[in-house]
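Peer 1: My structure is below; once you've seen it, I'll send some questions.
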Amino acid sequence: MADSAAATGGRAVVETSEVPVGGGVIVRDRAVVVTQPREGRFRVFSAICTHQGCVVSSISQRRIVCGCHGSRFRISDGGVVQGPASRPLAKKSFRIRRGKIFLT
0 MADSAAATGG RAVVETSEVP VGGGVIVRDR AVVVTQPREG RFRVFSAICT HQGCVVSSIS
60 QRRIVCGCHG SRFRISDGGV VQGPASRPLA KKSFRIRRGK IFLT
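Residues in the sequence shown are numbered consecutively from 0, following numbering that gives the first Met the number 0.
As structure tokens, then:
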């Protein structure tokens, strides 16, 4: 039987238990943001702001925040809530295995 990590694209990004409901975590070494808009519903986005390529800096009040120029994105779909960014954060494909999130 194949190792679950190998079957899903390498090492885990984060454990689901580390992602707060209504918030998320920024995984800088993988350049992704993992969110949990509702309990048990996870989303993964690029952590690279679509405005000028800065790495987003925080998650606050259900928004992913870019500290460089103030853009804000929804944790549910990566859509722009406040510019200057005009495009949503890129969605990333992922799987959940044994309580861990893996990029696919």
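Yeah, the Cβ is synthetic: ideal placement off N, Cα and C, and Gly gets one too.
Everything numeric in this text was worked out from a predicted model, so none of it was measured.
1) Let me check understanding here. Comparing Cα to Cα, which of A30, G78 and E38 lies closest to C53?
2) DSSP beta-bridge partners for G9?
3) How would you write the range of the beta strand (DSSP E) that I47 sits in, first residue to last?
4) Residues in its own chain within less than 6 Å of G22 by CB, not counting five upstream and five downstream?
5) In the structure shown, what three-state DSSP assignment does V14 receive?
6) So what does G23 bridge to, in DSSP terms?
7) Which residues share a DSSP beta bridge with S59?
Peer 2: Well, looking at it:
1) Translated into the one-based positions of the sequence shown, residue 53 becomes position 54. Looking at A30, G78 and E38, the one whose alpha-carbon comes closest to that of C53 is A30.
2) Residue mapping note: residue 9 aligns to position 10 of the sequence shown, counting from 1. In DSSP, G9 forms no bridge with anything.
3) The count along the sequence shown starts at 1 and reaches residue 47 at position 48. DSSP places I47 in no beta strand (DSSP E); its state is neither H nor E.
4) Against the sequence shown, residue 22 aligns to sequence position 23. Excluding five sequence positions before and after G22, the CB atoms of its chain that fall closer than 6 Å to its own CB belong to I58, given in chain order.
5) The sequence position of residue 14 within the sequence shown is 15, counting from 1. At residue 14 the sequence reads Glu, which differs from the Val that was named. In the structure shown, E14 sits in a strand (DSSP, three-state: E or B).
6) Position 24 of the sequence shown holds residue 23. Per DSSP, T34.
7) Working through the sequence shown from its first residue, we reach residue 59 at position 60. Secondary-structure assignment with DSSP links S59 through a beta bridge to R62.
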